[in-house]
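Asks:
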Amino acid sequence: MLRRGKDIELKSSGEIQAMRAAGLVVARALATVTEHAKPGVSTAELDSLAEGVIREAGAIPSFKGYHGFPGSICASINEKIVHGIPSETEVLADGDLISVDCGAILDGWHGDSAVTIPVGSVSGRDLALSAATERAMWAGIDKVAAGNRLTDISHAVETAARSAASSDGIDYGIIAEYGGHGIGTRMHMEPFLPNLGKPGKGPKLRVGMALAVEPMLTLGPPDSEELSDEWTVVTSDGSRAAHWEHTVAITEDGPWVLTAAE
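Numbered by UniProt numbering, the letters in the sequence shown go through residues 1 to 262 in order.
#1: Could you work out which residue in Asn148, Glu245, Glu88 is closest to Val207 when comparing CA atoms only?
#2: Residues bridged to Thr116 by DSSP?
#3: Using the DSSP secondary-structure output, state which residues sit across from His181 in a beta bridge.
#4: Tell me which residues share the same chain as Leu127 and place their Cβ nearer than 7 Å to its Cβ, disregarding the 5 neighbours each side in the sequence.
#5: When the Cα atoms are used, what is the spatial distance from Leu92 to Cys74?
#6: Which residue marks the beginning of the alpha helix (DSSP H) containing Val53, and which one marks its end?
#7: In whole angstroms, give me the CA-to-CA distance for Pro86 and Arg28.
#8: Under the three-state reduction of DSSP, which class applies to Ile60: helix, strand or coil?
#9: Please state if the CB of Ala136 and the CB of Ala165 are separated by a distance shorter than 7 Å.
#10: For a quick check, are the C-beta atoms of Ser224 and Ile81 less than 7 Å apart?
#11: Classify Thr89: buried if its beta carbon has 16 or more other beta carbons within 10 angstroms, exposed otherwise.
#12: Apart from the five residues on each side of it in sequence, which residues of its chain come closer than 6 Å, Cβ to Cβ, to Ala57?
#13: Round the Cβ separation of His243 and Ala212 to the nearest angstrom and send it over; I've been treating them as touching at under 8 Å.
#14: Please name the residue in Gly95, Pro70, Glu9 whose C-alpha comes closest to that of Pro39.
#15: Beta-carbon separation of Val144 and Val234 under 7 Å?
#16: Would you grab the beta carbon distance between Ile183 and Asp112 for me? Rounded to a whole angstrom, and I think it's under 8 Å.
#17: Under the three-state reduction of DSSP, which class applies to Gly173: helix, strand or coil?
#18: Buried or exposed: where does Tyr172 fall if 16 or more other Cβ atoms within 10 Å of its Cβ makes it buried?
#19: Decide if Pro222 is buried, meaning its Cβ has at least 16 other Cβ atoms within 10 Å, or exposed.
#20: Within the same chain, show all residues whose beta-carbon is closer than 6 Å to that of Trp109, passing over the 5 residues directly before and after it, in chain order.
#21: Would you give the residue range spanned by the alpha helix (DSSP H) that Phe160 belongs to?
#22: Please go through the same chain and pick out, in chain order, the residues whose beta-carbon is closer than 7 Å to the beta-carbon of Asn78, but skip the five residues on each side of it.
#23: In the DSSP assignment, find the unbroken alpha helix (DSSP H) run with His36 in it and report its ends.
#24: Spatial neighbours of Val53 within its chain, please: C-beta separation below 8 Å, excluding the five flanking residues on both sides.
#25: If you compare alpha carbons, which of His83, Asp107, Leu129, Glu230 is closest to Arg55?
#26: If you reduce the DSSP assignment to three classes, tell me which class His40 lands in.
#27: Could you compute how far the alpha carbon of Trp231 sits from the alpha carbon of Gly84?
Written out as structure tokens, the structure is:
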């Protein structure tokens, strides 16, 4: 039986186990995409590979058909931040940076995760950008614990991103318009999880909640715009972007990353 905590879905331990099964399907799909993301491969090919892994596991791609989205993954290359539509004509080239977001539904439960993949020989700045984004994600995940407030996660993400900017000598932009979210019986649920902000605000985190933590950083200002396809979001100045995400459950023992590989 699902319970609610201030409009945030609470899961039993068995339901979190079911979400873990969905998360493992997503992890396998992203591992397959990462393995095949090479120069000369189209984003449509990557989409087909991910969908094959998901359906072979008896799951359903969360994204396909979601508000009309045509793909099983979001494939966002270089200046594309999120929601890139897979295409047969979009072919990976040496030096590209591609962010791949993927979701799966298994037995009614959702998993959602994203990785940024270097294609061939990628610049040091691009690698630093991706590493900074991933570190910010893990800093946020560390705060996904009972008793904390929602924006403790946001503040940890922002602090880690600012720290990386200082150490790398790169003024990373932190995307504010898009962020993490609750997840469970639906892919996007309450609450919205910002990627920056003051700590100690928002709902108190409780055992049984599950959140997708997903920072997005850029190599330039954080300004973005949506393309005419009404999906793809790009940096306004054409600078590159990175995106990392994991689905995380709050347990008695702390955060459990449900979309991490076994």
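Cβ coordinates follow ideal geometry from the N, Cα and C atoms, glycine included.
Replies: To lay it out plainly:
#1: The closest CA to that of Val207, considering only Asn148, Glu245, Glu88, is found on Asn148.
#2: Secondary-structure assignment with DSSP links Thr116 through a beta bridge to Ser99.
#3: Residue pairing by DSSP places His181 opposite Phe192, Ala212 in a beta bridge.
#4: If the five residues before and after Leu127 are omitted, its C-beta is found closer than 7 Å to the C-beta atoms of Pro118, all from its own chain and listed in chain order.
#5: Whole-angstrom Cα-Cα distance: 14 Å.
#6: 43-56 is the span of the alpha helix (DSSP H), which, as asked, contains Val53.
#7: Rounded to whole angstroms, Pro86 to Arg28 spans 19 Å at the Cα level.
#8: Strand.
#9: Cβ distance not < 7 Å, so Ala165 and Ala136 don't count as in contact.
#10: Using a Cβ distance threshold of 7 Å, Ser224 and Ile81 count as a contacting pair.
#11: By the neighbour-count rule (16 or more Cβ atoms within 10 Å), Thr89 is not buried but exposed.
#12: The residues Val25, in chain order, have a CB closer than 6 Å to that of Ala57 in the same chain once the five nearest residues on each side in sequence are set aside.
#13: Contact doesn't hold; Cβ gap of about 12 Å is too wide.
#14: The option with the nearest alpha carbon to Pro39 is Gly95.
#15: Taking 7 Å as the cut-off, the beta carbon of Val144 is found no closer than this to the beta carbon of Val234.
#16: Right, their Cβ atoms sit about 6 Å apart.
#17: Three-state result, Gly173: strand.
#18: With 16 or more Cβ atoms within 10 Å of its Cβ, Tyr172 is classed as buried.
#19: Buried, by the Cβ-count rule.
#20: Ala18, Met19, Ala22.
#21: As written in the sequence, residue 160 is Ala, which differs from the Phe given in the question. Note, Ala160: alpha helix (DSSP H), 150-168.
#22: Taking Asn78 as the centre and dropping the five residues before and after it, the same chain places the C-beta of Asp96, Leu97, Arg240 closer than 7 Å to its C-beta, in chain order.
#23: Counting along the chain, the alpha helix (DSSP H) containing His36 begins and ends at 13-36.
#24: Residues of the same chain with a CB within less than 8 Å of the CB of Val53, apart from the 5 flanking positions on each side, are Val25, Arg28, Ala29, Thr32 in chain order.
#25: Taking only the C-alpha atoms, the option nearest Arg55 is Asp107.
#26: Checking the sequence, you will find Gly at residue 40 rather than His. If DSSP states are grouped into helix, strand and coil, Gly40 belongs with coil.
#27: Whole-angstrom Cα-Cα distance: 7 Å.
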